[in-house]
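Below: one structure, written as structure tokens.
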Amino acid sequence: MEKKYALFTGCMMSTEQYAYELSVRESLPTLDVKLVDVEGFSCCGEPMKSVNQLMALYLSARNIAIAQKNNLAILAPCAMCHLSLSECKHILENNKEMKDRINGMLAAEDLNYSGSIEVLHIVDLLYDKIDLETIKKHVKKPLSGLKFATHYGCHLIRPSELGRPVNSENPTKMEEILNALGAETVSYYPEKLDCCGGILQINSLESALTKTGQKLKAIQEYGFSGLVDVCPWCHRMYDARQVKAGETVATKLEVPVFYLTQLLGLAFGIKKEKLGLDLNLSPVDKLNLSEVQR
Amino acid sequence: MSIVDLTSMGEPQSELRKEINDRLSKLKDEISDYCYQCAKCTSGCEAHKLLELEPHKIVALLKRGLIDEMVNSDIIWTCMSCFKCRERCPQKIAPIEILFALKNMAVASGKEIPGKYTTFLQSILSIGAIQDIQEISTRDNKTTRRAELSLPNISKPKDLTKFQASLMKIAVEKV
């Protein structure tokens, strides 16, 4: 059965991390997922939490109300957007006074929040809504011989109290998806749950890059073929800022970094140009992806 | 009040401050009997090793009512919002929520907002997103942009004036 979602692109993916958006739009239709572009969305609010939490909550509620008006569940490929929208649902479900207050404000744009729609991320869409067996059926070019480290992103993992798509201390859904695509993984490495530093780059880039560098250095030393992530903020740190991150830990970093949806597309036999692979700034060519493509 | 007035935060905003103060008082009342300073939050804190943030001390300082001292300190801006403290606290206390409230208070008190937060806020108010569409570089150093990649137009608030008005209301006054 066809699954239909409003694609909530968020700021980071839609203004800069185009490889993620390309690979999401390209690979999901293979799995009978229809993505709808809905007008009117704004920032999810998450980056504004430090400035004004009520504004963050309002922005999330507003976006959910727009999807709801279109009778669509939301697919939010960014871990930060996903947390922001999920937290909004959690807060407003338990705080009627706040819900009324927010609805009072939303009325100005002719919107109303009820919170009835579902908010999904790529990982739970693939693992829980679609399932591994279906994914396996579509694999034409298995990613054999490659062994990946995964990075889930803090906002996707925690706080479990709000209901997150993966286990908070030992998430394994990405590993299982990668295995279904024919790649190898390890269930755990010591830095697996470490933060990318993404939020800190807003006000302290140097420290943020040190966080990024420390994790990448470990991954390089363990000898993984590459790192796989599912958040445009994390990817920006690990991929686009890898060289600078390497300077903070005095190491020449050469870790290929992929979005999960890029690998999904490759395994489905989609051409790498269509998956935005020329936009990854980390040395992804190291893996001889043409071999996979053959 | 214009965007510039809003984001320069020249005037301390008393209504907003009062509201955040209520939030902090509530957090204080909720935690004062429960935190036993086990420091599990600090042991897992992503900002601890690198920037010496100690969430258990933030909780202790709040318990003692030293709010102004924390609002004036740069340490509150070192949190990476990884949510590990909230996840792992055996007493269900969330130091990260205290830090968010303290940062909100710093902003509402007219303190200088560090880093790009002001730019982000201004951008959200004017176009709905934290930044405008960027021209990016490919791995072999060619530049490209969204339109060239045949991606559709970005979803934006339809009526920016109304959108902006609501956000301004939140930022400056009690709704």
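First to last, the sequence lines map onto chains A and B.
Taken in order, the first sequence gives residues 156 to 449; the numbers are from this note's numbering.
Taken in order, the second sequence gives residues -11 to 163; the numbers are from this note's numbering.
C-beta atoms are modelled at their ideal positions from N, C-alpha and C, and glycine is treated no differently.
Contact list for residue i against chain A, beta-carbon separation under 8 Å
i: A176(B); result: No information on residue 176(B) is available, as it lies outside the stretch -11 to 163 that chain B covers here.
Three-way DSSP call (helix, strand, coil) for residue i in this model
i: K162(B); result: The pLDDT assigned to K162(B) is 42, lower than 50, so where the model puts this residue is not dependable; a value taken from the coordinates is nonetheless given after this. Of the three classes helix, strand and coil, the one that applies to K162(B) here is coil, per DSSP.
i: I(-9)(B); result: Here the model assigns I(-9)(B) a pLDDT of 48, short of 50, so the residue's position is not dependable and the matter cannot be decided.
i: G378(A); result: coil
i: G(-2)(B); result: For G(-2)(B), the predicted structure reports a pLDDT of 48, less than 50, and the residue's modelled location is therefore unreliable. The matter cannot be settled from this model.
i: T327(A); result: coil
i: S114(B); result: helix
i: A216(A); result: helix
i: R449(A); result: The predicted model places R449(A) with a pLDDT of 46, which falls under 50 and marks its position as unreliable, so this point remains unresolved.
i: A153(B); result: helix
i: F88(B); result: helix
i: T406(A); result: coil
i: T164(A); result: coil
i: T126(B); result: coil
i: F108(B); result: helix
i: V206(A); result: coil
i: K99(B); result: coil
i: G440(A); result: Residue identity check: residue 440(A) is Asp in the sequence provided, not Gly. D440(A): helix per DSSP, three-state reduction.
i: L190(A); result: strand
i: V383(A); result: strand
i: K144(B); result: coil
i: K426(A); result: coil
Nearest residue (CA-CA) to residue i, options the options
i: K144(B); options: I121(B), M156(B) and R127(B); result: I121(B)
i: I357(A); options: D394(A), K370(A) and W388(A); result: W388(A)
i: C29(B); options: M93(B), P102(B) and S69(B); result: S69(B)
i: R456(A); options: E402(A), F413(A), V404(A) and I374(A); result: The question about residue 456(A) has no answer, for chain A in this structure spans 156 to 449.
i: T403(A); options: G368(A), I290(A), M235(A) and L183(A); result: G368(A)
i: H306(A); options: Y213(A), A161(A), A373(A) and V191(A); result: A373(A)
i: L287(A); options: P345(A), D349(A) and M329(A); result: M329(A)
i: D147(B); options: F163(A), E273(A), L266(A) and P202(A); result: L266(A)
i: M260(A); options: F151(B), S125(B), T106(B) and A96(B); result: F151(B)
i: T66(B); options: A135(B), E34(B) and S97(B); result: E34(B)
i: E316(A); options: S269(A), P345(A), L238(A) and L298(A); result: L238(A)
i: L162(A); options: L186(A), A174(A), T185(A) and F196(A); result: F196(A)
i: A48(B); options: S61(B), Y24(B), G103(B) and E40(B); result: Y24(B)
i: C166(A); options: I112(B), P83(B) and A153(B); result: I112(B)
i: Q208(A); options: L87(B), Q119(B), L39(B) and S13(B); result: L87(B)
i: L385(A); options: L275(A), E157(A) and A263(A); result: Here residue 385(A) is Val; the residue named in the question, Leu, does not match the sequence. It is L275(A).
i: A304(A); options: C236(A), D349(A), T340(A) and M253(A); result: T340(A)
Neighbour list for residue i in chain B, Cβ cutoff strictly below 9 Å
i: N225(A); result: Neighbours of N225(A) on chain B: none; closest Cβ ~11 Å, over 9 Å.
i: V404(A); result: Residues of chain B passing the Cβ test: none, with the nearest at roughly 12 Å.
i: V147(A); result: With chain A running from 156 to 449 in the structure shown, residue 147(A) is simply not present.
Chain B contact residues for residue i, given Cβ-Cβ distances below 8 Å
i: E176(A); result: L139
i: E346(A); result: Residues of chain B passing the Cβ test: none, with the nearest at roughly 11 Å.
i: Y213(A); result: S154, L155 and I158
i: S323(A); result: E75
i: L230(A); result: Within chain B, no residue comes near L230(A); the closest Cβ sits about 13 Å away, beyond 8 Å.
i: V188(A); result: Ordered by position in chain B, no residue passes the 8 Å Cβ test against V188(A), which lies about 16 Å from the chain.
i: V278(A); result: The contacting residues do not exist; V278(A) stays about 17 Å from chain B at best.
Chain-ordered chain B contacts of residue i [CB-CB under 7 Å]
i: P202(A); result: F108 and I118
i: G352(A); result: M68
i: M329(A); result: None at all; the shortest Cβ gap to chain B is about 18 Å.
i: D192(A); result: P140 and S143
i: L355(A); result: M68
i: V412(A); result: In chain order: nothing, as chain B lies at least about 12 Å away.
i: L209(A); result: I158
Partners in chain A for residue i, counting only beta-carbon separations shorter than 7 Å
i: P145(B); result: G195 and S197
i: P102(B); result: N358
i: K150(B); result: A263 and E264
Per-residue contacts from residue i into chain A (C-beta, under 9 Å)
i: I63(B); result: Within 9 Å Cβ-Cβ: nothing; I63(B) doesn't reach chain A, min ~12 Å.
i: I112(B); result: C166, S197, C198, G200, P202, M203, M210 and L214
Against chain B: residues of the segment 292 to 321 of chain A by CB proximity under 9 Å: C309, H310, I312, R313, P314, S315 and E316
Length-filtered (4 minimum) alpha helix (DSSP H) runs lying within the segment 8 to 79 of chain B: 28 to 32, 36 to 39, 43 to 51, 55 to 59 and 72 to 76
Sequence ranges, alpha helix (DSSP H) only - wholly within the segment 227 to 283 of chain A, length at least 4: 234 to 249 and 251 to 261
Complete runs of the beta strand (DSSP E) confined to the segment 294 to 364 of chain A [at least 3 residues]: 302 to 306
Chain B contacts from the segment 357 to 375 of chain A (Cβ-Cβ distance under 9 Å): I357, N358, S359, L360, S362, A363, T365, K366 and Q369
Within 9 Å of chain B by C-beta, residues of the segment 414 to 445 of chain A in sequence order: G431, L432, D433, L434, N435, L436, S437, P438, V439 and D440
Residues from the segment 21 to 46 of chain B in contact with chain A, defined by Cβ distance under 8 Å: E34, A35, L38 and L39
Chain B contacts made by the segment 156 to 173 of chain A, where a contact means CB separation under 7 Å: T164, C166, S169, T170, E171 and Y173
Chain-ordered residues of the segment 234 to 268 of chain A with a beta carbon less than 7 Å from chain B: R256, M260, A263 and E264
Residues from the segment 73 to 98 of chain B in contact with chain A, defined by Cβ distance under 7 Å: R74, E75, F88, K91, N92 and V95
Residues from the segment 118 to 135 of chain B in contact with chain A, defined by Cβ distance under 9 Å: I118, Q119, D120, I121, Q122, I124, S125, T126, R127, D128, K130, T132, R133 and R134
The segment 376 to 393 of chain A: positions lying closer than 7 Å to chain B by Cβ: none
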